[in-house]
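So the protein lines, in turn, are chains A and B.
For reference, each letter of the first sequence is one residue, going 15 to 320 in the numbering used here.
For reference, each letter of the second sequence is one residue, going 726 to 1006 in the numbering used here.
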Amino acid sequence: MKKDMSLMLQLIAIIANNRGITTKQLANILNVPEGVVLRNLELISYNPEFRLLDIYSEEHEDAIMDLGDMTWNIACEDEEDSDDIVYLCINSVEKFLFESLVANAFFDDEILGIRIKSTHGLAEQKDKFLIITLAIENRKKLKVKYKTRYKTSDFLIEPLRIVYYEIDNMVYIIGQHNGRIATYRLDRMIEIKATNERFEPIGVEHVESLLEYSWGMEQGNLFNVKVKFLDEANVIYKVKRDLSHRKNKKITEYEGYIIYEDTIAGINSFKRWLRSYGSSAIVLEPEELRNDMIRSAEQCLSYYIE
Amino acid sequence: MIYIDENNKCCLSATSDFLYKTDDVNLYAFLELSNLYKHHLPLNDILHSLKSKIITQTMPYEDEYDIYSIGRRYRISKHLLRNIDEFETCDYRRKSLEITYNSKVGKLSVIVQVITLFYHYDNDKSYVIGKVKDEIFFIDISSIIEIKSTNIRNECYKDDNVMQKLELMFGASLDGPFDVVVEFDNKFNIMERLTRLKRLRKSCSLSVFGETIIYKDTIYGMHDFARFLRSFGSSCRVISPNELKDLMRNTYERILKSYGVGIKYEERHEPDAATYSYYCK
């Protein structure tokens, strides 16, 4: 759709959704001069389908009108339930995107007629977000029913931040417990209730530090790691993409390989990520991680030796 | 249509085709859900530009969630959206298309009956999956040079047989099918990870035998499955098929070689009696 046409259609949609809107208001919303608004409405009138006549402000019918005060209205065919109706000026791709999202089909199976081979159940969790967001903003504790592998417990959490970890498709709540940072998984919170009990949040820098170093959302000791990735198939592209969020990473490119250096917390999640690269990833440092990867590969190989 | 009503007010009839009609419930559902899809998700660019367009047109009140997002970057939008418009214009659901694309052997033109468009999340790549004569082709959308409509009917759109195969794909490949049996240690969060996988794969089954979990499935795309299995390290063992066992063995031999470690052949894992009898059913 050409830009000029798009503005014209946007105007129609805005008028349709905001009855009695003035030219000045239209110009404000679209951030264009009033003259542009009027010119576009005039262009609409050139279309033989449309008929555009003089328009008067309801409040100042007798006065000489400023063009900017002209009010615009819409009459809908289905006037009875018109308050609930919303008109959008969107193209066909956007229409499908809108419908896919609203139908919760987004990421579940299909979008725009495209099959997506991965499910993201974020929509299932959406009801929890508002209650947690309000608790974070108002510094109020939440009472949660939390399910772990072995039991379900009720306790209070002091939420500081909602974090979405895309690689595992998990949502976490970072909170505090006895003055220390704690991480909770949203999918394990089977019930969340707001309370009126207030808490004093610890410094934001603690949360930032956790997010800066942790691999996945795992906490623990810090490790300086150095890994060589071989330039084969699309390994380098994937590694760089996986590392795009790491703030302290250092990637050095060489002929045929790259070296990735970083400081991380969460060695188990890191190992899991490394293993998915098979023989294309070689740990150089620390030595204990390198040895661990070797031991693990030896153990795995032993399963397949006849 | 714009017209003047009996009160001399300029009116606009909003029943034209170019306006999409929805309601408040859907509008707020869209805004709420689009809040969840942050920049580390595919198609987020177009989604958020759509969101700001809708906000301009409707001026709703909305709650914002402050969600910190950690993850990969997606480059999908540009190629995919450019081509979707072209596919739509060519009426790909009803007509075969002539697609010119860059293949490994150079520029190729093929007449394709499009079965579906497919987005592979982990690779951040989108494909046209279609029939070229009797073969199923995967064409990387980013490699497409030109799309032309033809007068040949597309009789394969959403073909049931192919769609069933796509359900069984582990990545973006139709090599197979393979009936796989894998034994996992039932420790840490392994059961939970497998349960999450089961939600995506209706074809798989999970059974617990004491300290082990048996995963059975029918898959296409053995290399993608092997990659997934490797992330479990020594907590998983392929029981069958032999092709997958060989693939795993070769990978671990290459890993040890890359670390400069000689290969030891003295150990061998054997499943316990109960598990073994289950495999043999």
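All residues carry an ideal CB built from backbone N, CA and C; glycine is no exception.
Taking 9 Å as the cut-off, the Cβ atoms of Gln-782/B and Gln-139/A do not count as close. Taking Leu-298/A as the centre and dropping the five residues before and after it, the same chain places the C-beta of Lys-240, Val-241, Lys-242, Ile-273 and Arg-304 closer than 8 Å to its C-beta, in chain order.
Under the three-state reduction of DSSP, Leu-899/B is assigned to coil, being neither helix nor strand. Rounded to the nearest whole angstrom, the C-alpha separation of Ser-294/A and Trp-287/A is 12 Å. Residue state for Ala-247/A is assigned as coil, using DSSP reduced to three classes. From the beta-carbon of Glu-936/B, no residue of chain A is found nearer than 8 Å; the closest lies around 14 Å away.
Of Gln-838/B, Ile-795/B, Thr-825/B and Ser-759/B, the smallest CA-CA separation from Tyr-817/B is found for Gln-838/B. Using a CB distance cut-off of 9 Å, Ser-794/B counts as an interface residue toward chain A.
Between the stretch 917-924 of chain B and the stretch 863-876 of chain B there are fewer than three inter-stretch CB-CB distances shorter than 8 Å, so the stretches are not counted as touching. A distance below 9 Å separates the beta carbons of Val-887/B and Ile-861/B.
Segment contact: the stretch 147-163 of chain A against the stretch 204-212 of chain A, three or more CB-CB distances shorter than 8 Å; contact assigned. Under the 9 Å criterion on CB atoms, Gln-313/A is classed as interfacial with respect to chain B.
Between the alpha carbons of His-220/A and Ile-187/A lies a gap of roughly 14 Å. Going by beta carbons, Tyr-101/A and Asn-31/A fall inside the 9 Å limit. For the stretch 162-183 of chain A, the residues whose beta carbon sits under 8 Å from a beta carbon of chain B are, in order, Arg-163, Arg-175, Ile-176, Val-177, Tyr-178, Tyr-179, Glu-180 and Ile-181. In the three-state reduction of the DSSP assignment, Gln-190/A falls in the strand class, which pools E and B. Distances from the alpha-carbon of Lys-873/B to those of Lys-820/B, Lys-858/B and Asn-848/B put Lys-820/B closest. Under the Cβ distance rule, Ile-980/B counts among the residues neighbouring chain A, one pair being separated by less than 9 Å.
A direct Cα-to-Cα measurement between Lys-254/A and Tyr-844/B gives close to 20 Å.
Your pair Thr-841/B and Ile-824/B does not check out as a contact, with CB atoms roughly 14 Å apart and the cut at 8 Å. With 16 or more other Cβ atoms inside 10 Å of its own Cβ, Ile-944/B counts as buried. At a C-beta separation below 7 Å, Lys-746/B has these neighbours in chain A: Ile-99 and Tyr-101. DSSP places Tyr-178/A in the strand class (E or B) of the three-state scheme.
Under the 9 Å criterion on CB atoms, Ser-959/B is classed as interfacial with respect to chain A. Taking C-beta atoms under 8 Å as the contact rule, Ile-870/B and Val-907/B fail to qualify, at a distance of about 41 Å. Residues of chain A with a Cβ closer than 9 Å to the Cβ of Val-986/B are, in chain order, Ile-308, Ala-311 and Glu-312.
Chain B has a Cβ within less than 9 Å of the Cβ of Gln-139/A. Interface residue (Cβ-Cβ distance to chain B less than 9 Å): Ile-319/A is classified as such.
For Asp-942/B, the enclosing beta strand (DSSP E) has its first and last residue at 937-944. Within 9 Å of the CB of His-259/A, the CB atoms of chain B belong to His-765, Ser-794, Ile-795, Gly-796, Arg-797 and Arg-798, in sequence order along the chain. Ser-959/B is not a Cβ neighbour of Tyr-291/A, given a cutoff of 9 Å. Where Ser-965/B is concerned, the enclosing beta strand (DSSP E) starts and stops at 961-965. DSSP, read as helix, strand or coil, puts Gly-855/B in strand. At a C-beta separation below 7 Å, Tyr-945/B has no neighbours in chain A, since its nearest C-beta there lies roughly 11 Å away. Within the stretch 277-306 of chain A, the complete alpha helix (DSSP H) segments at least 4 residues long are 281-289, listed from N- to C-terminus. Pairing Lys-38/A with Ser-106/A, the inter-Cα distance amounts to about 30 Å.
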